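Chains as they are written, first to last, in the UniProt record's numbering: chain A, 1 to 402; chain B, 1 to 533.
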């Protein structure tokens with residue numbers, strides 16, 4: 001019987017799990033070494049996407065998550081009142097386009113497989129695409145409209161989930177570094193050791209995003225999650241001229257690839273504040289956060305292929321973050337078969353904002369023994385696709401330059 | 001030493017100097033004397049920096065000498081560099097990014113600079129700086145800015161400081177000027193700000209501003225210094241002989257005091273402008289007595305009719321380029337330097353206000369040392385002795401200015417809930433406070449993204465440190481680097497894109513642009529192309 005849970009990490013996944021567990025009556029303590037929402041959750045665009053995932057377990061999780069967000073936003077608004085900043089949730093829809101003749105057929109074929117999996121994926125003519133996005137480059141060769149793609153302001157969402165968790169009895173402690181686990185003689189984990197003393201728990205949930213491998217390592221287990229860096233460019237405020245999440249079909253290739261080298265694909269969207277965000281890049285360079293001009297040049301160049309008018313817009317800021325990358329592209333959600341009492345909720349790569357709510361529901365069901373909303377098996381650490389990456393775990397510690 | 005007498009080690013070295021104020025000009029001159037080729041960049045359309053801001057050559061003024069302390073120093077420095085074929089002065093040059101190369105932070109350095117781990121001047125001089133400096137040259141609003149990228153042997157950062165203004169009710173009304181803007185108008189445009197001008201804030205900078213404003217014909221009603229007499233005594237009196245040592249500085253101050261007497265300007269301590277009033281522009285201000293912590297004392301408020309207010313509460317060093325280059329900062333948030341002005345990054349030097357707010361004489365001395373060492377010289381060289389002595393005399397000034405005039409925490413008592421804190425995004429103080437209470441947020445990034453404070457076009461240059469102080473994140477607990485250690489890199493001073501640029505300019509990557517390491521001894525000059533259609 002799990003009555004006390006420690007969650008390591010106050011990003012959006014930890015926040016969503018904390019709220020869901022606290023509402024289910026569990027005593028929750030969130031431990032965060034920095035500040036809430038100070039890592040990956042603060043470094044992305046706030047994507048809640050179904051459009052970028054092919055049929056499979058992750059798409060099922062995304063479709064389920066997409067169904068949760070509208071209710072959650074309404075609940076949080078009621079619960080937290082008007083003094084709390086709005087989450088800027090917008091079901092603005094996604095428009096995925098091909099920019100080459102060769103890219104058109106694969107884009108449409110991919111959308112067809114998504115439709116079979118239950119996604120609202122609507123092929124539209126170039127003329128209709130231009131009606132949806134009048135400033136789009138008319139030279140596109142194909143387009144698919146995904147009405148269910150949405151956006152949220154991820155930092156506000158994280159803070160709101162944490163505020164709600166606190167309101168339901170959870171304790172959130174920032175500036176506390178988890179340094180290891182306490183165990184009983186059987187090896188079962190009974191809590192954590194921290195920079196501020198031990199904290200006892202029936203279950204310890206690691207939700208530390210790309211740093212989850214480091215936390216797991218401190219507890220003596222290996223987790224093959226690695227940082228995959230991404231850069232976003234932010235323009236100055238401008239009149240609203242980009243209405244959907246617009247991206248080129250290359251994005252699928254980049255998200256589904258394991259290539260460590262730099263990949264960029266264009267993602268362009270407006271924010272409620274009037275800025276336009278240009279993404280995105282993917283590269284495995286460890287936790288190196290230094291600016292690389294060739295990366296942002298490429299992001300800028302590809303954005304212009306979608307929206308030529310942006311050439312005259314000004315970039316005022318860039319930020320980069322580290323996605324928690326799993327070698328088989330699926331998050332890890334559930335108990336660690338090697339260390340009873342230890343649980344994982346990480347490895348969501350670039351989809352953690354959207355998937356956080358669904359992840360929390362799976363964790364609650366597994367911890368409390370209730371019926372899960374969907375099959376959790378594909379996200380287990382003991383899944384077949386991860387086995388090769390867990391072999392030799394003790395001899396081969398994480399090798400990224402940190 | 002003449003350029004011809006340079007030692008072999010500095011022959012062919014290229015020193016890039018960013019900032020052509022007093023420190024940058026002195027660095028460029030010293031590096032040339034040591035035999036290096038020099039490129040001197042400044043974003044303005046003239047050299048001189050903020051300190052020696054003057055009328056353009058096309059409409060010269062006979063009055064510059066009277067308006068500028070040390071004007072002859074400036075004209076001599078400028079003239080020497082301007083006629084020197086070994087020094088290229090590039091004006092209208094905006095450094096928009098500095099890229100670091102080499103080992104990732106925290107990793108083992110790929111080459112140990114010295115056998116004993118100590119970096120010597122000679123070792124530092126041997127390796128080229130592991131940075132690329134990306135610059136756009138031309139009018140900021142023009143359509144034809146040219147991109148240039150530099151990989152110099154040594155980089156001297158002399159980016160100076162901008163003045164810091166604390167918010168108070170009405171500070172966003174037209175007619176309220178930062179003292180720096182007032183100084184720029186007075187020195188650069190010779191425009192009178194108003195008929196009845198109040199000058200307020202803290203620090204010795206208020207005096208030259210008052211002098212400049214009075215010289216344009218405006219009536220200066222008074223200079224209101226927030227620090228109380230006791231703090232001024234604490235800052236200035238324990239070591240009065242330092243003022244004698246800093247005779248030039250004493251002379252500069254005496255000049256301003258003389259100007260005050262001439263213009264009959266009252267100088268009042270322990271007073272602050274705590275509100276400005278007016279509908280379309282400022283019509284009056286409230287001046288209140290403040291305690292030692294700058295908290296306004298109820299019952300002391302006095303309303304004064306005025307049509308212009310100049311406020312300055314000190315200076316913020318321009319740190320985005322040193323941070324982008326990877327330079328370590330001190331706990332006081334200046335660039336950490338050694339006795340040769342070398343930063344923590346090999347081949348990168350810093351001089352002037354970014355190492356401590358010390359004024360023009362300290363900047364000139366530091367610039368000379370930085371340029372000399374950057375060009376391959378040593379701090380033990382005899383021809384640097386005078387500069388090292390001068391630096392010792394004048395840098396003591398920085399600590400004393402801070403002790404006497406440093407910002408005290410009680411200023412927040414001036415704020416009302418509707419006082420705008422971030423002007424770009426129009427974020428009022430009340431929203432910051434409410435959001436902080438609602439979220440229990442302790443992280444700077446979270447507060448910025450939740451309230452939008454500091455996210456506007458100025459990128460927190462005006463309000464960044466104010467926001468940090470208001471949410472209690474000044475020392476950066478909660479502001480973290482990726483490895484979780486508290487670090488200044490997550491503060492509002494960090495701006496990887498140091499100035500806005502068009503997406504077309506960014507995307508306009510010319511063929512052959514490596515965007516990465518190139519021959520480290522080559523300076524590459526590349527025209528920028530327009531972006532993809």
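Even glycine gets a Cβ: it sits at the ideal position worked out from N, Cα and C. This structure is a prediction, so every number in the text was calculated from the model and none was measured.
Inter-residue distance for residue 9 of chain A and residue 332 of chain A is about 15 Å (C-alpha atoms, whole angstroms). Bounds of any beta strand (DSSP E) do not take in residue 357 of chain A; it lies within the alpha helix (DSSP H) bounded by 352 to 368. DSSP, reduced to helix, strand and coil, places residue 381 of chain B outside both helices and strands of the structure shown, so it counts as coil.
Spanning the alpha carbons of residue 19 of chain A and residue 170 of chain A requires a straight line of approximately 8 Å. Chain-ordered, the chain A residues with CB closer than 7 Å to the CB of residue 100 of chain B read 290. Look at residue 197 of chain A: its C-beta is not under 9 Å from any C-beta on chain B. With respect to chain A, the C-beta atom of residue 469 of chain B has no partner C-beta closer than 9 Å. In chain order, 37 and 42 place their CB closer than 6 Å to the CB of residue 155 of chain A, counting only its own chain and leaving out the 5 sequence neighbours on each side. Counting only the Cα atoms, residue 375 of chain B lies some 20 Å from residue 83 of chain B. The segment 204 to 212 of chain B and the segment 293 to 307 of chain B do not touch, with fewer than three beta-carbon pairs separated by less than 8 Å. In the DSSP assignment, residue 267 of chain B falls within the unbroken beta strand (DSSP E) covering 267 to 269. Within chain B, the residues 502 and 504 have their CB atoms less than 7 Å from the CB of residue 312 of chain A, given in chain order.
Going by C-alpha positions, residue 293 of chain A is about 39 Å away from residue 168 of chain B. Beta-bridge pairing by DSSP links residue 452 of chain B to no other residue. A Cβ of chain A is located within less than 9 Å of the beta carbon of residue 444 of chain B. DSSP, read as helix, strand or coil, puts residue 196 of chain A in coil. Within 7 Å of the CB of residue 372 of chain A, no CB atom of chain B is found; the nearest one sits about 31 Å away. In the structure shown, residue 436 of chain B adopts helical secondary structure according to DSSP, grouped into three states. Per DSSP, the unbroken alpha helix (DSSP H) holding residue 299 of chain A starts and ends at 293 to 306.
Restricted to the segment 31 to 97 of chain B, the beta strand (DSSP E) segments that are unbroken, complete and at least 3 residues in length are 37 to 42 and 87 to 91, listed in chain order.
One Cα belongs to residue 5 of chain A, the other to residue 348 of chain B, and the distance between them is close to 49 Å.
Under DSSP, residue 310 of chain B shares a beta bridge with B/177 and B/199.
Of the candidates B/50, B/48, B/88 and B/79, the residue whose Cα lies closest to the Cα of residue 36 of chain B is B/88. Neighbours of residue 296 of chain A in chain B, taken as residues whose beta carbon is under 7 Å from its own, are 506 in chain order.
With contacts defined by Cβ atoms closer than 9 Å, residue 171 of chain B and residue 311 of chain B form a contacting pair.
For residue 28 of chain A, the closest C-alpha among the options A/90, A/150, A/364 and A/387 is that of A/364. Burial check for residue 372 of chain B: the Cβ neighbour count within 10 Å reaches 16 or more, so the residue is buried. Fewer than three pairs of CB atoms, one per stretch, sit closer than 8 Å, so the segment 320 to 334 of chain A makes no contact with the segment 21 to 35 of chain A. Separation of the CB atoms of residue 494 of chain B and residue 323 of chain B is rounded to 5 Å, and the pair is thereby assigned contact status at 8 Å.
Distance from the CA of residue 112 of chain A to the CA of residue 305 of chain A, rounded to the nearest whole angstrom, comes to 25 Å.
When the alpha-carbon of residue 23 of chain A is set against those of A/11, A/72, A/49 and A/58, the nearest one is in A/72. Of all residues in the segment 366 to 388 of chain B, none places a beta-carbon less than 7 Å from a beta-carbon of chain A. The beta-carbon of residue 160 of chain B is placed no less than 9 Å from the nearest beta-carbon of chain A. Taking 8 Å as the upper bound for CB-CB distance, residue 118 of chain A and residue 63 of chain A are in contact here, some 6 Å apart.
The residue from A/389, A/387, A/375 and A/388 with its alpha-carbon nearest to that of residue 56 of chain A is A/375.
Around the beta carbon of residue 264 of chain A, a 10 Å sphere encloses 16 or more other beta carbons of the protein chains shown; the residue is thus reported as buried.
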